[in-house]
Amino acid sequence: MNVTEQDLTTTAHLSRLAIPAEEKEEALKSLGDFLSYVDNLSSVDTDDVQPTTYALPIENVFRADEVRPSLSNEAALSNAPLQEDGYFKVPKVLEG
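To convert, take the position in the sequence shown, counting from 1, and add 10; that gives this note's numbering.
As structure tokens, this is what we get:
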């Protein structure tokens with residue numbers, strides 16, 4: 011497909027890309043090749059193809075959730091380097 015320099019400039023602007031002058035010729039060719047490939051794909055008959063979101067079926071590979079009792083506050087804090095009034099104590103990260 012024949013792509014003009016204006017097509018390339020517009021595409022680069024919309025993509026928020028800066029194309030250096032020394033790369034414009036190669037970018038024009040690449041964009042033309044890409045658009046030709048898209049035209050080729052558009053000509054394929056897809057009437058009998060079911061729409062899919064994923065290439066593979068999505069399956070839950072994790073174990074089923076199991077309800078378990080939570081740790082007590084004392085047990086959760088038992089290995090804390092610093093604690094105060096039943097809470098973890100951490101260094102202040104942000105000021106203000």
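Quick reminder that beta carbons are idealized off the backbone N, C-alpha and C, glycines included.
Who pairs with residue i in a beta bridge, going by DSSP?
i: Q16; result: According to DSSP, Q16 bridges with nothing at all.
Among the options, whose alpha-carbon lies nearest the alpha-carbon of residue i?
i: G83; options: Q60, T19, D95; result: Per the sequence shown, the amino acid found at residue 83 is Asn instead of Gly. Per the Cα distances, D95.
i: P30; options: E15, D43, F44; result: E15
Is residue i helix, strand or coil when you go by DSSP?
i: F72; result: coil
i: E94; result: strand
i: T63; result: coil
i: T56; result: coil
Compute the minimum distance between the beta carbon of residue i and the heavy atoms of the ligand PLP, and state whether it is under 7 Å.
i: L104; result: Absent from the structure shown: the ligand PLP. Ligands present: none.
Report back the beta-carbon spacing between residue i and residue j to the nearest angstrom; my notes put them in contact at under 8 Å.
i: L41; j: T21; result: 6 Å
So, at 7 Å on beta carbons, what are the nonlocal neighbours of residue i in its own chain, with the 5 sequence-adjacent residues on each side left out?
i: F44; result: none
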